[in-house]
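S.K.: Numbering (my numbering), first residue to last: 483 to 669.
Ideal placement from N, C-alpha and C gives every residue a C-beta, glycine not left out.
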Amino acid sequence: LEWVILLASLLGGACLNPATISDGAGRVLVTFFAIVAASILPTITLLINSMTATGRSVESINKLEVELQAAMDALFLMFACVAIAVFGLAALSIQPVSVLKRIPMLTTEILPRAGQSVVVLALTLILIRIGQIPGILRRSLAIRHKIAINEARRTTNQNAPGLLEMKSAYENHPDFGKVISLDETTE
């Protein structure tokens, strides 16, 4: 399905009239891409810093690594798509060299449509990956939650007093449980 969507976006970008996304729409897209790019690198840094081994099981660390790797791959792909889209938008805004203008329809139809196709394709891929990031982060959070619960349980068990310490803290009175006759109670 993703490939069909990407192919449709590529063809859709080619079907747009030339200069459709080079003026006002282009500025909006550059702003959107800048916001996406600015959020990617800090997110990657936070993901990398969340991978510590203190008190964690090997299984949990492996699960967390898989989820964090998937998140980082998606984020780096989005970053690359942003770079490609911004490059495409910049290419659309630059006037072609005069030699290329001599080739019929190259600079008026073919190159603008190709540039728009690249920008729309990159935008579509970014939007697809943005939708995957929350799920990956939720799974990572669930794994970290499980790890934190296990670590808290282990710490509580380590710090809990032993049976002998509990018995000595709550010693019984020496007469506790002593059997006496009814005659002794009336005296």
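Shorter than 8 Å, the distance from the beta carbon of valine 601 to the closest heavy atom of the ligand FAD, or not?
M.R.: No copy of the ligand FAD appears in this structure; indeed no ligand is present at all.
S.K.: Mind reading off the beta-carbon distance from glycine 597 to leucine 574? Whole number of angstroms is fine, and I expect it under 8 Å.
M.R.: About 4 Å separates the two Cβ atoms, so the contact holds.
S.K.: Could you pull the start and end residues of the alpha helix (DSSP H) that serine 542 belongs to?
M.R.: 540 to 575 is the extent of the alpha helix (DSSP H) around serine 542.
S.K.: Check each candidate in Glu547, Gly494, Ser542 and Glu653 and name the one with the smallest Cα separation from leucine 529.
M.R.: The shortest C-alpha separation from leucine 529 is found at Glu547.
S.K.: Which first and last residues belong to the alpha helix (DSSP H) in which phenylalanine 658 is found?
M.R.: Element bounds for phenylalanine 658: n/a, residue is neither H nor E.
S.K.: Given a cut-off of 9 Å, decide if glutamate 484 and isoleucine 610 are closer than it, judged by their beta-carbon atoms.
M.R.: Yes, Cβ-Cβ distance for isoleucine 610 and glutamate 484 is below 9 Å.
S.K.: In angstroms, rounded to a whole number, what distance separates the CA positions of serine 622 and leucine 550?
M.R.: For serine 622 and leucine 550, the distance between alpha carbons rounds to 7 Å.
S.K.: Is it the case that the Cβ atoms of alanine 501 and serine 599 are separated by a distance below 9 Å?
M.R.: No, these two residues do not count as a Cβ contact at 9 Å.
S.K.: Within the same chain, show all residues whose beta-carbon is closer than 6 Å to that of valine 568, passing over the 5 residues directly before and after it, in chain order.
M.R.: Cβ neighbours of valine 568 beyond the five flanking positions: Phe515.
S.K.: Taking the straight line between their C-alpha atoms, what separation do you get for proline 643 and glutamate 633?
M.R.: Their backbone Cα atoms lie some 18 Å apart in a straight line.
S.K.: Identify, in the order they occur along the chain, each residue of the same chain with its Cβ nearer than 7 Å to the Cβ of glycine 494, setting aside the five sequence neighbours on each side.
M.R.: Only Val602 meet the Cβ criterion.
S.K.: With the cut-off set at 9 Å, would you say methionine 560 and isoleucine 612 are in Cβ contact?
M.R.: The answer is yes: Cβ separation under 9 Å.
S.K.: Measuring CB to CB, does cysteine 563 end up less than 9 Å from leucine 523?
M.R.: In this structure, leucine 523 does not lie closer than 9 Å to cysteine 563 by Cβ.
S.K.: Rounded to whole angstroms, how far is the Cβ of alanine 604 from the Cβ of glycine 570, which I believe are closer than 8 Å?
M.R.: At roughly 7 Å, the Cβ-Cβ gap stays under 8 Å, so alanine 604 and glycine 570 are in contact.
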